[in-house]
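Residue numbers (my numbering): 13 to 464.
Built from N, CA and C at the ideal position, the CB exists for glycine as well.
Since the structure comes first, as structure tokens, the remarks are kept for the end.
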Ligand code: ATP
Ligand code: MG
């Protein structure tokens with residue numbers, strides 16, 4: 013049946029094998045990847061902090077109507093990608109496929125129009141879409157979202173674009189911005205009727221999917237990648253020529269600001285983006301290194317202005333807004349392609365070694381004291397052998413090892429070992445934390461001075 017997703021092949025877990033596996037399109041993110049995720053989080057926090065965005069943590073489930081009304085019924089997302097179900101209480105709900113409709117819902121629900129405008133919000137959350145999984149496309153994925161609600165000033169369009177561009181740049185990923193203007197709904201309506209006329213004239217050349225688009229959402233023909241469409245699209249009327257003065261000026265301003273900020277962009281008259289709520293500016297970010305399967309290009313993120321969304325969901329008329337979302341798995345693919353993945357190896361300043369049961373017992377608390385004093389300290393309490401522990405200390409690049417043995421426990425002392433020179437000294441166990449903390453601090457200052 014057309015339009016209806018085909019039944020999934022039996023889930024992996026239902027195969028004969030007794031081992032359980034993740035669902036198709038879902039995955040575990042293991043410790044090996046965490047350095048990169050933490051870097052992404054740090055860069056996001058820094059960036060949003062500088063630009064005065066407040067974080068919002070959104071619920072994973074919403075009433076289905078938030079997306080049906082907010083994203084639009086004729087979009088790919090609502091038509092075929094949502095995980096929707098009815099709960100035990102008979103309520104129809106959906107695992108969030110995107111964040112903008114949620115933010116709009118939250119803006120209205122919490123009366124944010126009474127705050128200073130624009131209200132600037134960011135989120136970093138998981139989203140869910142029932143798509144065919146492939147590299148850079150999962151059923152659960154992460155997005156960084158930026159939304160500025162309550163202003164129609166084109167400087168905000170430019171700022172949001174600049175932020176997404178800088179976010180990638182700070183992670184070592186070079187991007188180009190594809191940009192277009194969709195105009196306001198009235199303009200788009202006039203344009204769509206011309207576009208429909210044009211494609212109806214060429215209906216014989218359209219495939220099944222495109223014929224459906226022609227009926228339901230003709231604008232989407234512009235991002236069709238079906239055979240022969242490239243040529244057809246080239247001859248199609250272009251939206252930019254239908255823009256009135258106000259729309260044109262808005263767009264020109266955005267481009268001027270981007271020029272000033274030195275953000276590289278390409279005008280792309282075919283960029284329409286998949287969501288109904290966009291008005292005026294729309295954009296997408298692509299990595300200069302392709303990240304898709306077989307060298308194909310997948311966007312790292314995108315966004316646009318959505319001046320109609322807040323009123324559509326029941327908020328005040330004329331609430332201008334602009335936002336963007338970046339796919340973090342794709343950003344990570346781009347980081348890999350650019351060779352900018354951070355090293356995942358953990359290093360420490362100090363390593364704590366213990367020998368014998370009494371030392372292990374006392375050591376638990378001494379280790380905590382180091383940690384509480386803010387010393388970057390490592391351990392391997394599960395190991396009993398000193399040589400093995402010192403090897404780990406070496407691997408973790410500790411400059412100092414602390415050694416607690418049977419004798420030291422009895423004497424109330426502890427050994428400080430310089431890892432490079434091998435020299436050891438015995439100190440009072442009560443003083444060891446402050447001695448070592450000071451030594452590490454001095455080492456760091458010396459290292460910094462020698463660099464300068
Ligand atoms: P695409 O055209 O690639 O399907 P989209 O237009 O559906 O993307 P948006 O809704 O604009 O995507 O979401 C913004 C970003 O979120 C995308 O550019 C992408 O980086 C990421 N994203 C979207 N869908 C997925 C997915 N299924 N898996 C991983 N990342 C995704
Ligand atoms: Mg999509």
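{"Check": "Among the residues of its own chain, which have a CB less than 6 Å from the CB of residue 180, if the five just before and after it don't count?", "Outcome": "187"}
{"Check": "Using three-state DSSP, classify residue 208 as helix, strand or coil.", "Outcome": "helix"}
{"Check": "Which two residues bound the contiguous beta strand (DSSP E) that contains residue 105?", "Outcome": "104-107"}
{"Check": "Measuring from the CB of residue 235, is there a heavy atom of the ligand MG at a distance below 7 Å?", "Outcome": "no"}
{"Check": "Among the residues of its own chain, which have a CB less than 8 Å from the CB of residue 25, if the five just before and after it don't count?", "Outcome": "Bear in mind that a pLDDT of 49 at residue 25, under 50, signals an unreliable position, so the number given afterwards is only what the model happens to contain. Result list for residue 25: 32, 33 and 35, in chain order."}
{"Check": "Within 8 Å, do at least three Cβ pairs link the segment 78-91 to the segment 51-64?", "Outcome": "no"}
{"Check": "Note down the Cα distance separating residue 50 from residue 404, rounded to an integer number of angstroms.", "Outcome": "24 Å"}
{"Check": "To the nearest angstrom, report how far apart residue 450 and residue 385 are at their CA atoms.", "Outcome": "11 Å"}
{"Check": "Looking at the unbroken alpha helix (DSSP H) that takes in residue 463, where does it start and where does it end?", "Outcome": "444-463"}
{"Check": "Can you find the residues in the same chain that come closer than 8 Å, C-beta to C-beta, to residue 6, ignoring five residues on each side of it along the sequence?", "Outcome": "Nothing about residue 6 can be read from this structure; the chain reaches only from 13 to 464."}
{"Check": "Which residues does DSSP list as the beta-bridge partners of residue 137?", "Outcome": "155"}
{"Check": "Only counting the same chain, and skipping five residues up and downstream in sequence, which positions put a Cβ closer than 7 Å to that of residue 72?", "Outcome": "107 and 108"}
{"Check": "Using only the heavy atoms of the ligand ATP, determine whether one of them is closer than 7 Å to the beta carbon of residue 247.", "Outcome": "no"}
{"Check": "Just checking residue 5 against the ligand MG - is the residue's beta carbon closer than 7 Å to any of the ligand's heavy atoms?", "Outcome": "As displayed, the chain neither begins before 13 nor continues past 464, which places residue 5 out of reach and without an answer."}
{"Check": "Beta-carbon separation of residue 430 and residue 388 under 8 Å?", "Outcome": "no"}
{"Check": "So, with DSSP's three-state summary, where would you put residue 372?", "Outcome": "helix"}
{"Check": "To the nearest angstrom, report how far apart residue 347 and residue 185 are at their CA atoms.", "Outcome": "6 Å"}
{"Check": "Buried or exposed: which applies to residue 43, given that a residue is buried once 16 or more other Cβ atoms fall within 10 Å of its Cβ?", "Outcome": "exposed"}
{"Check": "I'd like the ranges of any beta strand (DSSP E) spanning at least 3 consecutive residues and lying wholly in the segment 361-416.", "Outcome": "362-366, 389-391 and 412-416"}
{"Check": "Following the continuous beta strand (DSSP E) through residue 330, name the residue where it begins and the one where it ends.", "Outcome": "Element bounds for residue 330: n/a, residue is neither H nor E."}
{"Check": "Which runs of the beta strand (DSSP E) spanning at least 3 residues fall entirely within the segment 264-320, listed in chain order?", "Outcome": "277-279, 291-299 and 313-317"}
{"Check": "For residue 139, count the other beta carbons within 10 Å of its own beta carbon; 16 or more makes it buried, fewer makes it exposed. Which is it?", "Outcome": "buried"}
{"Check": "What separation, rounded to the nearest whole angstrom, lies between the Cα atoms of residue 290 and residue 219?", "Outcome": "26 Å"}
{"Check": "Give the DSSP-derived three-state secondary structure of residue 132 in the structure shown.", "Outcome": "strand"}
{"Check": "Out of 128, 427 and 435, state which residue places its alpha-carbon closest to the alpha-carbon of residue 443.", "Outcome": "427"}
{"Check": "With a threshold of 16 other CB atoms inside 10 Å of the CB of residue 373, please say whether the residue is buried or exposed.", "Outcome": "exposed"}
{"Check": "In its own chain, which residues sit with a C-beta less than 8 Å from the C-beta of residue 197, not counting the 5 before and 5 after it?", "Outcome": "291 and 320"}
{"Check": "Would you list the one or two residues that DSSP bridges to residue 192?", "Outcome": "294"}
{"Check": "Any idea what DSSP makes of residue 75, helix, strand or coil?", "Outcome": "strand"}
{"Check": "Could you check if residue 88 belongs to the surroundings of the ligand MG, using beta carbon to heavy atom distance under 7 Å?", "Outcome": "yes"}
{"Check": "Nearest-angstrom Cα distance between residue 329 and residue 259?", "Outcome": "18 Å"}
{"Check": "Rounded to the nearest angstrom, what separates residue 382 and residue 391 at their Cα positions?", "Outcome": "11 Å"}
{"Check": "Of the choices 183, 164, 169 and 228, whose alpha-carbon is the least far from that of residue 8?", "Outcome": "Outside the modelled stretch of the chain, which goes from 13 to 464, sits residue 8, for which no answer is possible."}
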